[in-house]
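In this note's numbering, the protein residues as written are 32 to 326.
Glycine included, every Cβ here is placed at the ideal spot set by N, Cα and C.
Bear in mind the structure is a predicted one, so any value in this text is a computation, not a measurement.
A short worksheet on the structure shown next.
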C-alpha cells in the first residue's frame, strides 16, 4: 500500500548541461491550503491535503502532505524539526491522518531533524533520506525513485551542490496528481536565493547545474516550497525564480563568484546538528555533540 518505487525516470545528465545565460512569524505554524495557493481553474486534484509549517529559530519550513481521498489518509512530513515534533504530530492526529513517512531533503546543518524523535513516538513511521547523504534512515532514495502515499506520489530529483546529498521532491506528473506540480527544494533553491556552498562538501558549480537541469526544467507554474525563508516569503514558482532569482539568473561564472564572496558566518548549529542528523536525529545514540559556542 505504501511503497517507494525504484523507477528510474529520464532525468537530464548534469555533466552535459551548458549554462544559459523572519523570524517574526508565529512559531505555531504557517498554514497554506493548496487550493488557495493555486488558481481554481489550475488546481484539479482534491485528494491532496497540504500544510506549510514554520519553526522560527532556524526559519525552517516543514511540509505535511496527505492523500485524504484514500481510506487510510496516509501522510508524510518533509523536513521535520525536533523542536516542533509535538506540534506536528498533534496536527496529524487532529486531521485524522496516518503518518507513514518522515522525509529529509538533505543532512541539515542549522537544526536537528525531527525524524528520529517522530519514530520514538510513532514507531511505524519510516524515515527517508537520499542515499548520497550517507546518513542513517529506514529507506534511502536516489534520483528517479517515487515515494507513494496512497494514490499520490513524490518524484525524487537529485539536486546536489548545497550538500552532495541534496534532493528535491516533486509531486507526481499525471492527470490524477496535483496540478500545478509542487517542488520541495530543500536548500538547493530558496525564494530569490539558494543554499550556501562553502561547507559540507558544497559546490557552486554543482548547485548551478542541479537547479537549472532538475528544477528549472519543470513547468514554469510549478510551485517552489523551500526548506527555509528568512524574509517572510512562503511560496514561489519555477517561472518566478527563473526570472527574478538574483543569483541563479546569472551565468555560471558570475554565480560562482557570488557564492565565493558571500562571507557568511560559521553556522552556529553545525557542530551539533550534523552529527545528530547523520544518525536520523536520534539523540540517545553514541553521539557526543560539540558545543558550537566553544569554537
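Across the structure, residue 286 and residue 199 are spaced so that their CA atoms are roughly 20 angstroms apart. Taken through DSSP and simplified to helix, strand or coil, residue 123 comes out as helix. For residue 177, the pairing in a beta bridge is given by DSSP as 36, 186.
By the 16-neighbour rule on beta-carbons within 10 angstroms, residue 256 is buried. One thing to note: residue 311 has its Cβ within 8 angstroms of the Cβ of residue 146. Apart from the 5 residues on each side of it in sequence, residue 295 sits with its Cβ closer than 8 angstroms to the Cβ of 227, 229 in its chain, given in chain order.
In this structure residue 180 is in contact with residue 98, their Cβ atoms being roughly 6 angstroms apart against a cut-off of 8 angstroms.
The beta carbons of residue 143 and residue 194 sit no closer together than 8 angstroms. If you draw a 10 Å sphere on the C-beta of residue 218, you find 16 or more other C-beta atoms in it, and that means buried. Take the alpha-carbon of residue 93 and the one of residue 80: they are about 14 angstroms apart. Residue 270 and residue 182 have their C-alpha atoms spaced approximately 28 angstroms apart.
Note: residue 93 is bridge-paired with 84 in the DSSP secondary-structure output. By the beta-carbon neighbour count (other beta carbons within 10 angstroms, threshold 16), residue 292 is exposed.
Scanning 276, 161, 253, 78 for the CA closest to the CA of residue 174 turns up 161.
In the structure shown, the three-state DSSP call for residue 105 is strand. For the pair residue 148 and residue 159, the Cα-to-Cα distance works out to about 14 angstroms. Under a 10 Å Cβ-count criterion, residue 239 is classified as buried, with 16 or more other Cβ atoms of the shown protein chains found around its own Cβ. In the three-state DSSP reduction, residue 220 falls in the coil class, being neither helix nor strand.
For the segment 196–242, the continuous alpha helix (DSSP H) assignments of 4+ residues that do not extend past its boundaries occur at 235–241, in sequence order. By the CB criterion at 8 angstroms, residue 133 and residue 108 fall inside the cutoff. One alpha carbon belongs to residue 290, the other to residue 127, and they sit about 44 angstroms apart. The DSSP-derived three-state label of residue 253 is coil.
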